[in-house]
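Q:
Protein chains: 2
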Amino acid sequence: MFDLILKNVARHITLTPEETDYFTSLLKPRKLRRRQYLLQPGDIMRHECFVNSGCLRCYLVDEKGQEHVVHFAIEEWWTGDMYSFLTGQPSAYYIDALEDSEVFLIDKPQFEQLFIDIPKFDRFFRRLLQNAYVAMQHRISQNLTLPARERYLNFIQQYPQFEQRIPLRQIASYLGIAPESLSRIRKQMMRR
Amino acid sequence: MFDLILKNVARHITLTPEETDYFTSLLKPRKLRRRQYLLQPGDIMRHECFVNSGCLRCYLVDEKGQEHVVHFAIEEWWTGDMYSFLTGQPSAYYIDALEDSEVFLIDKPQFEQLFIDIPKFDRFFRRLLQNAYVAMQHRISQNLTLPARERYLNFIQQYPQFEQRIPLRQIASYLGIAPESLSRIRKQMMRR
DNA sequence: CGTCTATTTGAATGTACTCAAAAGCGGTGG
DNA sequence: CCACCGCTTTTGAGTACATTCAAATAGACG
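See below:
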């Protein structure tokens with residue numbers, strides 16, 4: 118049941134059996150059907166969320182009704198709206214499932230108690246955040262420097278597993294490209 | 118000398134006098150002249166860097182020779198190339214001073230020892246990273262959803278202090294806009 | 001004061017977008 | 001198992017926002 122998340126934790130810190138039991142006792146498993154929402158604008162994000170299986174996406178809808186994917190999360194990734202989680206303010210984002218999925222949720226009060234009871238988790242989340250920070254910096258750099266075609270090429274190189282399972286219109290949105298444009302880019306690539 | 122950085126630390130954790138002394142003993146003050154480099158592509162980032170005064174920018178140069186600003190850092194901000202710092206791999210970025218500046222550097226070995234000696238710093242940096250993560254997510258969201266004009270308006274609203282001291286071409290670059298385009302956007306805004 | 005850099009302005013260009021419609025694909029139910 | 005329905009992807013045509021290139025003006029630094 119908790120193999121994957123414990124493996125994820127073990128990448129960064131080592132837990133005693135008692136700590137492991139304590140940690141897993143905080144995890145609330147939850148199944149999400151394809152298209153089911155985990156979060157909607159106006160909701161407050163009350164949990165940290167680990168994806169045990171399946172695939173989620175986090176997105177915004179602008180005033181023209183256009184969706185913009187902010188990130189994806191497949192198994193062994195963490196997701197959520199950090200802003201809402203930290204501040205307790207209503208979120209502006211949707212999070213929903215692109216596939217039937219299973220997630221583990223940790224309540225905010227228990228999450229904060231966890232750092233007090235097992236300070237090692239400060240290190241664990243510091244390291245997750247460091248990695249996330251590096252990935253986001255990289256994404257921003259690419260968005261600033263590269264045209265649409267290059268951004269797509271780098272994306273499928275960096276996340277080959279995503280091309281298999283995520284619809285193109287979602288990938289296009291993530292890259293800041295209209296789906297029609299991505300279609301044309303791919304057609305052009307075929308000709309080689 | 119260390120007022121500002123201690124204030125910054127105190128926002129998140131409380132240090133004993135001994136811990137304060139230990140922490141400040143790790144800080145290497147360094148002055149940077151305007152236009153002086155702190156980091157160049159190929160260099161390995163060997164320090165964490167706190168800006169005590171002045172203003173730095175982190176940027177990339179693409180294959181056409183165009184500069185793209187990834188972030189700014191004014192007094193009481195941290196800067197650096199997290200990727201290079203964490204992995205020990207050569208950086209792709211430049212960091213230089215837009216104004217005469219003073220920074221405090223912490224060596225990587227001492228930085229890592231700090232977490233072992235004073236685990237509270239795991240919490241401190243976790244919180245810095247949380248805030249940075251939220252800010253970057255916000256920036257990505259805006260880049261995906263808003264046209265150039267709106268991005269500029271939000272920027273000067275969010276960082277009014279930057280408009281005073283950072284050249285427009287740098288702001289344009291940060292926002293992913295050509296300097297000529299930003300000039301026209303501003304002209305258009307004047308007409309109201 | 002002179003030089004170098006930043007900003008503004010103009011004109012032409014282009015990349016990617018919008019809108020509209022057809023084709024393809026997959027899931028669901030009869 | 002097949003037919004239908006809905007959603008995704010593709011294709012086409014016209015457009016727009018922002019870019020590039022070039023040159024003039026303004027401003028800042030030494």
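Line order of the protein sequences matches chains A and B. Oh and the first sequence: position 120 is 237 in my numbering, straight run, nothing missing. Oh and the second sequence: position 56 is 173 in my numbering, straight run, nothing missing. Beta carbons are placed, not taken as given, at the ideal position from N, Cα and C, and that holds for glycine. Note that the structure is predicted; figures quoted are calculated from it, not measured.
List the residues of chain A that G205 of chain B touches, going by C-beta distances under 7 Å, in chain order.
A: The contacting residues do not exist; G205 of chain B stays about 13 Å from chain A at best.
Q: Cβ of L123 of chain A within 9 Å of Cβ of Q247 of chain B?
A: no
Q: From this set, A:S298, A:V220, A:Q274, which residue's C-alpha is nearest Q153 of chain A's C-alpha?
A: A:V220
Q: Please report the distance separating the alpha-carbon of R268 of chain B from that of M253 of chain B.
A: R268 of chain B and M253 of chain B have their C-alpha atoms some 14 Å from each other.
Q: What does the alpha-carbon distance come out to for the pair H185 of chain B and T133 of chain A?
A: 47 Å
Q: Using the DSSP secondary-structure output, state which residues sit across from A190 of chain B in a beta bridge.
A: B:L173
Q: Taking Cβ positions only, does V126 of chain B come closer than 9 Å to chain A?
A: no
Q: Drop a sphere of 10 angstroms on the beta-carbon of E297 of chain A, count the other beta-carbons inside from all chains shown, and report buried for 16 or more, exposed for fewer.
A: exposed
Q: Which residues bound the alpha helix (DSSP H) around Y276 of chain A?
A: Counting along the chain, Y276 of chain A falls outside any alpha helix (DSSP H), and DSSP gives it neither H nor E.
Q: Can you list, in chain order, the residues of its chain with a C-beta nearer than 7 Å to that of W195 of chain A? Leave out the 5 residues immediately preceding and following it.
A: E165, C166, F167, L245
Q: Please state whether the Cβ-Cβ distance between C172 of chain B and A214 of chain B is less than 9 Å.
A: yes
Q: Check whether chain B comes within 9 Å of N74 of chain A, counting only Cβ atoms and requiring the distance to be less than that.
A: Lying outside 118 to 309, the shown extent of chain A, residue 74 of chain A is not represented and no answer is given.
Q: What separation, rounded to the nearest whole angstrom, lies between the Cα atoms of L287 of chain B and D234 of chain B?
A: Going by the sequence as given, residue 287 of chain B is Gln instead of Leu. C-alpha separation (whole angstroms): 40 Å.
Q: Nearest to T131 of chain A by CA position, among A:N260, A:E180, A:F238, A:P207, is which residue?
A: A:F238
Q: For the segment 182 to 209 of chain B, which residues have a CB atom closer than 7 Å to at least one CB atom of chain A, in sequence order?
A: H185, V187, M199, Y200, L203
Q: Roughly how many whole angstroms lie between the Cα atoms of A249 of chain B and D198 of chain A?
A: D198 of chain A has its alpha-carbon roughly 13 Å from the corresponding atom of A249 of chain B.
Q: Could you pull the start and end residues of the alpha helix (DSSP H) that P146 of chain A belongs to?
A: Careful: P146 of chain A lies outside any alpha helix (DSSP H), inside the beta strand (DSSP E) at 145 to 149.
Q: So, is R128 of chain B buried or exposed, given that buried needs 16 or more other C-beta atoms within 10 angstroms?
A: exposed
Q: Let me know if S142 of chain B comes out buried or exposed under the rule of 16 or more other beta-carbons within 10 Å of its beta-carbon.
A: exposed
Q: Throw me the rounded Cβ distance for the S208 of chain A and S201 of chain A pair, which I believe falls under 8 Å.
A: 4 Å
Q: Comparing alpha-carbon positions, which option in B:D179, B:K145, B:S258, B:F241 lies nearest K225 of chain B?
A: B:K145
Q: Can you tell which of A:F119, A:Y211, A:Q206 has its C-alpha closest to the C-alpha of Y139 of chain A?
A: A:F119
Q: Grab the span of the beta strand (DSSP E) containing F221 of chain A for me, first residue to last.
A: 218 to 224
Q: Is there at least one Cβ from chain B nearer than 9 Å to Q157 of chain A's Cβ?
A: no
Q: Is M162 of chain B close to chain A, meaning its C-beta is less than 9 Å from at least one C-beta of that chain?
A: no
Q: Can you give me the Cβ contacts of R163 of chain B inside the same chain, cut-off strictly under 8 Å, excluding the 5 residues immediately before and after it?
A: F202, D224, K225
Q: With a cut-off of 9 Å, does the C-beta of V168 of chain A fall near any C-beta of chain B?
A: no
Q: Who are the neighbours of D217 of chain A on chain B, taking C-beta pairs under 7 Å?
A: Here the premise fails: no neighbours, minimum Cβ distance about 26 Å.
Q: Can you name the start and end residues of the beta strand (DSSP E) that A214 of chain A belongs to?
A: Start and end: 211 to 214.
Q: Taking the C-alpha atoms as reference points, what is the distance between Q305 of chain B and I191 of chain A?
A: 44 Å
Q: Counting C-beta neighbours from all protein chains within 10 Å, is the total for R240 of chain A 16 or more, i.e. buried, or is it exposed?
A: Around the beta-carbon of R240 of chain A, 16 or more other beta-carbon atoms lie within 10 Å, marking it buried.
Q: Near L156 of chain B, what residues of its chain come up, given a Cβ to Cβ distance below 7 Å and the 5 sequence neighbours on each side ignored?
A: M162, D198, S208, Y210, Y211, I212
Q: Classify L270 of chain B as buried or exposed, calling it buried when 16 or more other Cβ atoms lie within 10 Å of its own Cβ.
A: It counts as exposed.
Q: Please report the straight-line C-alpha distance between L151 of chain B and P158 of chain B, rounded to a whole angstrom.
A: One point to set straight first is that residue 151 of chain B is Arg, not Leu, in the sequence displayed. Going from the Cα of R151 of chain B to the Cα of P158 of chain B covers about 19 Å.
Q: Nearest-angstrom Cα distance between P236 of chain B and E135 of chain B?
A: 14 Å
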